[in-house]
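Under the numbering used here, the first residue of the sequence shown carries the number -8, and numbering increases by one thereafter. Virtual Cβ for every residue (Gly too), placed ideally from N, Cα, C. Small disclaimer: the values here were computed from a predicted structure and weren't measured.
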Amino acid sequence: MDNFDQAVICSFDPSTREDIKQQALEYTNRIKENPKAWEFCLEKLRTTNNTYIKFFCIQVFQDIILHKYELLTTEDKLNLRVGLLKWFQSHLIVNQEETPIKNKFAQIIVLLFKQEYPDGWPAFFEEILSLLNLQNFSVDIFLRICKSIDEEVVSFDVHRSPAELAQNTMIKDKMREKAIVNIVSSWYEILTKQKNSSLINMTLQNIKTYVGWIDINLIVNDPFIQVFCNFLREKSVREEVVDCFKEIINKGMDPMAKLTLIQQLRIKDIIGLTSLDSSEFVVKVGNLVNLTGMEILRGMESLQQDPGRSFSNGEILLNDMLQILVQFFNNESNDVSYSVYGFASLYVQKLKGIKNISGQQFEHIRALVQIVRNKMRFKTDKYDDEDDSEIKILDFRKDLSNLFRNIFRIRPDLVSEFVTANISNILTNPGINYSDIEVSIYLLFQMGEGISANSEESMKQFEKFFSEMISNLAISNISQTSHQVVSLMYFETLVRYAKYIPLDSRLDAVIKSFLDARGIYNSDPVVRSKAGHLFNKLVKQLKVPILKYINDIIIALQNHLIISYEIQKVVPFDEQSSFYELLGFLIGAAILDKDTESGYIQKILGNPINQLKEIIDKQLYKTDTKENQFYSVQICQLISVIGNFSKGFSSFNASNGAPKPDSLCHYKVYFKSALTLIVQLPNLLPENEEVKFKTFFYMHRMVECLGKDLKPLLEDILPLLLSHTVTIPTLLEFLVFINQLVGKYKEELFQVINHTLKPTINHVFKLLNPSIQPPEHSDEERSINELKRSYYQFIQGILSNNLANTFTSQANLDVFEKIILPTLTSGCQSSNEAIQKACFVILKKMIDDYAPGGAHHINGFEQFLFGQMVPLCFEVPLSPQFNINDFASNQIILEIGKSLKSISSKYGDNFLNFLKNSILPKLNVTSEFTDQFLKLLLPTAQVKEFQECLKLFIRTRKGKIIQQQLNSNGTTHVNGNNAKSLNNGNYIGVNGH
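Here it is as C-alpha cells:
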C-alpha cells in the first residue's frame, strides 16, 4: 500500500486521529489539484480493490467533469471516456460492486454524457446498450445510469440556471428522436426476462420517472400493460407497478386524450386483479383510485366548458370509479379511507354546482353519507395501530365533517332524514354503544355550520327541525350517559342550537343538565370544566329567558364560588372566576327590585368581601413566606372575582353613555365596600406587584361601575396608587388608569389631574432614566420604550379631554416649560413612528388650545412654535431615516399638514411671512412652488389639498441634505438649548432613546 492509498483510507476512516486525518486530506487535496489527477485515478481504479480509493477516484472524475472539463484537450476527454467505459466493461459488469460506488459511477457517466451529448458523443446510448447483458451486472448499472439521467437532466427538484434548463430540454428532445425507443425496449426486455425483483423494481422506478416526458404509447400498449398486470400478482414488485399506473394517469395531457387513456387502461379491471391483502398496499391502490377519479372529474369538467367536444363514455368511467371509491372509502383502515378522500371531496364539490342531481348521483351521496358516519364513529376498542392515533383520527374527522356539510348543502332533505333516523335510534335504543350516541349527536352539531348556505325558506324549515332535535335530546336520558365524549358533544350541541330550545319545561331540563352531576358537578374534570364554560355561553346567548332561573343558578353554583384551596382542587380558580362573571352578567341584565338585587349580590359577594376584610383586619398576609404566598394569592383571587362580577354592572346607559339614575344602581354599596378594602392593599403589601396589578384591574372596573361616585374618592386614591408605582409595569398601569379617568370625566377631573400631574411626570422621568442604562434589545429597554409611548399617550389624553389648562396652571407651568415642551420636540424626532405621530397630534392640540384664540392662550407660545416646531415639521420628513413609502410615515405627514394649517389659521400673515422668508428659501424651492404652498395654507384651502401638496413636496425633496440649511437659519430649533438641556437633563432625549 503506497502513500496515496494510506492517505485516502485515513481521510475516510472515522477512527483516524484528527491530526493524521488533516495531513491525509492535505495530501489528497494536492493530488486533486494536479491537472493529470484523472489519469492517475483511472490507473488506480483499474488496480485497486479498496472501496475508499475507488470512491475518491470517482470524486476526482466528478470534479474534473463539473469544474475543469474545458481545460482538457479533445484527446484527454476521449481518453477519460474510454477509460471509464473500459472499467465498466472489465470490472462492473463482472463484479458485484458496492452500491455507493455503482451510484457514483452512474452519476459521473451521466455528467460526462451531459457535457458531450449529442454532438461530442452521439453514440452514447448505443455504446451503453451494447454493454447490456441480462446474464451479468450490466443491467444494474444501466438502470442506475437511466435513473441518474432523470436526476441530472429531467428532474425539477433541483434549481437549475436558464442555460442548463435549455441544455436539458435539448438533450430530452434528442433522446426522444431515437434513443428513448431503444431504452424502453431494453426496459421491456428486462421486465420480461429478469427474475431478480430488485432489478424489476429499479426498471419500474425508471419507467414512472420517464413516463411524464416520453411518448405515452411507448408504455401504454398491450405488451407493457400485460406485463404490469402480471406483476400485480407478485408482492415484491406490485407497489412499483401501481406507482407506474399513477404516473401514467398523472401525465399532463389534453382532457380528451387523458380520458381516452384512462379508458384504455381499464383501471377497474386492473384493480380487480390485485390481491388487497396488505393495508399498506391497499393505501397505494387507494391513491391510484383517488388520482384516477379526480382526473376523470377534471377531464369531464374541462370538456363541458368546450361545447364542441365531449367524451361519450365519461359517465361510465366515473361510475366505475365511484363504485371502487365506495369500497375503499368504507375500508376499516382510516389510512385507506383517507387515500380516496380527495376523490370523494371533489365529486361532492362538483355536485354542488348542479341544480338538480340525478337519481344515480343521489345514490352516490347517500352511500357517502353513511360511510362518513361510519368513519366518524369512534372505535370502541383502544387505538393500538399507528394509523389510529388520536390526532390522526381527529384530523380525519374534520375532513369528514367538511364532506358531510357539503353533502348537506346539496341535499339537505337527505341529510336531515339521515340525522333524524340516527337521533331516533339512540333515543329509542337504551343499550346502544356510546360511540353511536356520540356520532349521531356530532352529525346534528355539524349541520349547524352547513345550514348557512341554504335559502331563507330552508332556514325556516330547519328551525323547526333543529327545535325538534334539540327538544328530543333535552328530555331524553342521553345526558345520563357517563362517557366523556358523549357528555361533551351533548353540551356543545345544546349551546350551538340554544336559540331553538323551546322556552318551556325543555329549557328547564337543559338548565338542570348543566347545573347537576351531569354538568358542573360531573365527576370527570374535563366534562365539568367544559360544562361550566358552555353554560356561560348559553346564558349569554339566551340572556332574557335565563333571567327567571337566577336564583336556581346561584344556589347551584354556591359551592363553586367559595375561594378556598380545597374547593379549587375540584373547581379551578379560572372556572370560579368565570362563574362570578356569569352571575354578574345575569343580575346586571335583570330588572330587579332593590331587595331582590341586594339579596342576590349579598349571596355572591358577601363571602369574598368578608374573606378580604378578615385577611386585612387580622393581617393574615403577614404569615406568608417567600415559598408559600397563600394569602397573597387569595387576595388576588378575591379581587379578581369581585372585579369579574362587576363586569355585569354599569353606571352608564349602553345606548347613549348617559349616567343612570341612582335608583337603578343599588349595587354600588357592595363595590364601594370592596373598594375601601382593596385600595389599602398597595400600602399593606408594597412589595407585591401582582396585588398592585389586581388593584388597578379593580379600579378600571370601578370607573364603569361607580361612575360619578368614584370621582370624589380619587383625590385620595391617585396619590396612594402613584406612590406605589415603583416599577415600569405598575407605572404603565397607572397611566392607563389616568387615561381612562380623563376619557370618562374630562374637565370635571381638573382638580384631581392638576394635583397629580407634576408627581406623575416626575415619576415617569425617574423611571425613564435609570442609573445604569439597559442593554440594547433587552426586556428592560423594551419596557422603557413602552413607557415613553405611554407618556405621550398620557399627554395626548389630557389635551384631548378638555384638560389642557392643567399644563398651564400655576402648579404645573414649570413642568410644562421645562419638560413637556422639550420632550415634544425630541419625540418628534424619535425613531419610533408611533411616538412621532403622537407628538404631532399633541402639537396640533396644543396649537388649538395655546395659540391666539385658543381656550388657554399662552404668551410666548409663538416663539416655541416658530423657533422649534415649524422647522421640525420639515426636518423630520426630510431626514434620511424617514420612509416616505411607509404607511405609518404617511400618517405622520398628514398630522404635520394639520399642524401647519392650524398654525396658519392662528398666526395668519406672521406665519406665512416666516415660511416665505426664513424656511422655504433654505429648501431651494421655486417662487412658483412657494406661492402655491402658501396659498394652500390659507383658510380658503382644504386641509386635504395642503396635505397632498406637502406629501408631494417631501417626496420630491427626499435624499437632499436639508438639515444644515435649516441650521444655518438664525432660529433656535430642535438642536438648540432646550433640546440640549433635555438630552443632558436625562429626560426622553433628542433621539427618543
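Practice problem: Buried or exposed for His355, please, with buried defined as at least 16 other CB atoms from any protein chain shown within 10 angstroms of its CB. | Solution: Taking all protein chains in view, the Cβ of His355 is crowded by 16 or more other Cβ atoms within 10 Å, so the residue is classified as buried.
Quiz item: With a CB to CB cut of under 6 angstroms and the five nearest residues on each side skipped, what residues in its chain are close to Ala358?
Solution: Residues Val317 of the same chain have their beta carbon placed closer than 6 angstroms to that of Ala358, with the five preceding and five following residues left out of the count.
Exercise. Could you check if Gly818 is buried or exposed, using at least 16 other CB atoms within 10 Å of its CB as the buried criterion?
Key: Under this definition Gly818 is a buried residue.
Quiz item: Is there contact between the region 714 to 722 and the region 689 to 705, where contact requires at least three CB pairs shorter than 8 angstroms?
Solution: The answer is no - the region 689 to 705 does not touch the region 714 to 722, with fewer than three Cβ pairs under 8 angstroms.
Quiz prompt | Nonlocal neighbours in the same chain, by C-beta distance under 7 angstroms from Leu182, ignoring five residues either side | solution = Excluding five sequence positions before and after Leu182, the CB atoms of its chain that fall closer than 7 angstroms to its own CB belong to Ile191, Thr194 and Val218, given in chain order.
Quiz item: Counting along the chain, where does the alpha helix (DSSP H) carrying Ser774 start and finish?
Solution: Counting along the chain, the alpha helix (DSSP H) containing Ser774 begins and ends at Asp770 to Ser791.
Quiz item: Is the CB-CB distance between Leu279 and Phe236 below 9 angstroms?
Solution: Taking 9 angstroms as the cut-off, the Cβ atoms of Leu279 and Phe236 count as close.
Quiz item: Can we say the region 796 to 803 touches the region 743 to 762, given the rule of at least three CB pairs closer than 8 angstroms?
Solution: At 8 angstroms Cβ cutoff, the stretches touch.
Quiz prompt | Coarse secondary structure for Pro599, derived from DSSP in three states | solution = Helix at Pro599.
Quiz item: Is Phe643 helix, strand or coil when you go by DSSP?
Solution: Annotated three-state conformation of Phe643 is strand, per DSSP.
Quiz prompt | Ala846: first and last residue of the uninterrupted alpha helix (DSSP H) it sits in | solution = Note, Ala846: premise wrong, no alpha helix (DSSP H); not H, not E.
Quiz item: Expressed to the nearest angstrom, what Euclidean distance is found between the alpha-carbon atoms of Asp141 and Met285?
Solution: Taking the straight line joining both Cα atoms gives about 27 angstroms.
Self-check item: Supposed contact pair Ala665 and Leu603 - C-beta distance, whole angstroms, cut 8 angstroms
Solution: Their Cβ separation, rounded to whole angstroms, is 7 angstroms, which keeps Leu603 and Ala665 in contact under 8 angstroms.
Quiz item: Can you name the start and end residues of the alpha helix (DSSP H) that Glu566 belongs to?
Solution: Element bounds for Glu566: Phe564 to Ala580.
Quiz item: If you compare alpha carbons, which of Ile545, Gln923 and Thr917 is closest to Ser903?
Solution: Ser is not the amino acid found at residue 903; the sequence shown has Leu there. It is Gln923 whose Cα lies nearest to the Cα of Leu903.
Quiz prompt | Cα-Cα separation, Gln(-3) to Leu122 | solution = If I take the Cα positions, the gap works out to 34 angstroms.
Quiz item: Going by alpha carbons, who is nearest to Phe662 out of Asn674, Glu680 and Asp700?
Solution: Here the closest residue by C-alpha is Asp700.
Quiz item: Taking 8 angstroms as the cut-off, is the CB of Phe688 close to at least one heavy atom of the ligand FMN?
Solution: The ligand FMN is not part of this structure, which contains no ligands at all.
Quiz item: Can you list, in chain order, the stretches of the alpha helix (DSSP H) that have 4 or more residues and sit fully within the region 666 to 715?
Solution: For secondary structure counted as the alpha helix (DSSP H) over 4 or more consecutive residues, the region 666 to 715 holds these complete runs in sequence order: 672 to 675, 680 to 697 and 705 to 714.
Practice problem: Kindly indicate which three-state DSSP category Pro650 falls into: helix, strand or coil? | Solution: Pro650 falls in the strand class under three-state DSSP.
Exercise. Answer yes or no: do Leu928 and Ser895 have a C-beta to C-beta separation smaller than 9 angstroms?
Key: Cβ distance < 9 angstroms, so Leu928 and Ser895 count as in contact.
Quiz item: For Ile600 versus Ile553, is the C-beta distance shorter than 9 angstroms?
Solution: No, Cβ-Cβ distance for Ile600 and Ile553 is not below 9 angstroms.
Practice problem: Report yes or no: do the region 674 to 689 and the region 703 to 715 share at least 3 C-beta pairs separated by less than 8 angstroms? | Solution: Yes, they touch.
Quiz item: Quick one: what does DSSP say Tyr512 is sitting in, helix, strand or coil?
Solution: Residue state, collapsed to three classes: coil.
Self-check item: Same chain only: Cβ atoms within 8 angstroms of Lys702, ignoring 5 sequence neighbours per side
Solution: Answer for Lys702: Tyr736, Glu739, Leu740 and Val743, listed in chain order.
Quiz item: Does the separation of the CB atoms of Ser791 and Ile838 fall below 9 angstroms?
Solution: In this structure, Ser791 keeps its C-beta atom at 9 angstroms or more from the C-beta atom of Ile838.
Practice problem: Return the residue from the list Gly111, Asp515, Ile362 and Leu405 that minimises the CA-CA distance to Gly350. | Solution: For Gly350, the nearest C-alpha among the options comes from Leu405.
Practice problem: Drop a sphere of 10 angstroms on the beta-carbon of Phe147, count the other beta-carbons inside from all chains shown, and report buried for 16 or more, exposed for fewer. | Solution: Exposed is the call here.
Quiz prompt | With 16 other Cβ atoms within 10 Å as the buried cut-off, status of Lys971 | solution = Below a pLDDT of 50, predicted positions are generally treated as unreliable, and Lys971, at 27, falls in that range; the measurement from the model is reported next regardless. Of the other Cβ atoms in all chains shown, fewer than 16 fall within 10 Å of the Cβ of Lys971; this residue is therefore exposed.
Quiz item: Under a Cβ-count criterion, where at least 16 other Cβ atoms within 10 Å of its own Cβ denotes burial, should Gln628 be classed as buried or exposed?
Solution: Buried, by the Cβ-count rule.
Self-check item: Limits of the unbroken alpha helix (DSSP H) element including Leu63
Solution: Here Leu63 belongs to no alpha helix (DSSP H), and DSSP marks it neither H nor E.
Practice problem: Tell whether a beta-carbon distance below 9 angstroms holds between Gly597 and Phe640. | Solution: One thing to note: Gly597 has its Cβ no nearer than 9 angstroms to the Cβ of Phe640.
Quiz prompt | Beta-carbon contacts of Tyr612 that lie in its chain and below 8 angstroms, excluding the five residues immediately before and after | solution = Excluding positions up to five away in sequence, the list reads Ile606, Tyr622, Ser623, Ile626, Leu675 and Leu676.
Quiz item: Just to confirm, are Asp54 and Lys93 a CB contact at a threshold of 9 angstroms?
Solution: Their beta carbons are not under 9 angstroms apart, which means Asp54 does not touch Lys93 by this criterion.
Quiz item: For Ser555 versus Ser631, is the C-beta distance shorter than 9 angstroms?
Solution: Going by C-beta atoms, Ser555 is not nearer than 9 angstroms to Ser631.
Exercise. Could I get the ranges of all uninterrupted alpha helix (DSSP H) runs contained in the region 84 to 108, with 4 residues as the minimum, in chain order?
Key: If we require 4 residues or more, the alpha helix (DSSP H) runs fully inside the region 84 to 108 come out as 90 to 107.
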